[in-house]
Amino acid sequence: MTELVVGVFGHRSDAILAIESLRSHGIKPGRISVVTRQKNDVKAISRDTGIGKPLSGIGNGGLFGTAREIGVGLDMIDDTAVAAGPAAQKLAGADMETDGLVVSLMSVGIPRADAERYAGHAELEHIVVIVQADADDREAIIELLEAHHTLPADPGEAR
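Residue numbers (my numbering): -11 to 147.
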């Protein structure tokens, strides 16, 4: 049975190293997703690890995307999540200021209490890495993620 293993990283370099480590241990890129609020982080992670094209949600590109980014910068509208990997379709574009990302994380199989913590991390611009794990490789995936400086589950402890 497949379950999700999640690691949270404060720096994209740690996330990239963790994903590269997962891949070198046989975890396919199609089983790894990332989500955060920083588009440049997701672009770099996607480019360096091959986990898939970054998605930022409908209406976040072109002229309207530029206008949206200006509105976010001026605190006129809420920021949205950027994601890559198999879960990106459900996570990208989720509102960061409301329960949008929490609900999106729940839709990929993360329990509500955990989803709230991970959304809090994404709000702080931390990188949330989600790995689809089989029962026999779950512990190895946890060890590989933790070897690359994962942050505590509670976002308040990670500041």
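Note that CB positions come from ideal geometry on N, CA and C, so glycine has one too.
- The alpha carbon of residue 111 has as its nearest neighbour, out of -4, 125, 100 and 17, the alpha carbon of -4.
- By the neighbour-count criterion, in which 16 or more other beta carbons inside 10 Å mark a residue as buried, residue 25 falls on the buried side.
- The three-state secondary structure of residue 77, taken from DSSP, is helix.
- The criterion of a C-beta distance shorter than 8 Å is not satisfied by residue 12 and residue 73.
- Within the segment 96 to 139, the runs of beta strand (DSSP E) at least 3 residues long that lie entirely inside it are, in chain order, 115 to 122.
- Taking residue 133 as the centre and dropping the five residues before and after it, the same chain places the C-beta of -5 and 6 closer than 6 Å to its C-beta, in chain order.
- For residue 0, the closest C-alpha among the options 31, 90, 43 and -9 is that of 31.
- When only Cα atoms are considered, residue 119 and residue 129 end up about 8 Å apart.
- With contacts defined as CB atoms closer than 8 Å, residue 136 and residue 9 qualify as a contacting pair.
- Counting along the chain, residue 37 sits inside the alpha helix (DSSP H) bounded by residues 27 to 37.
- Between residue 113 and the set 79, 76, 42 and 143, the nearest pair of CA atoms involves 143.
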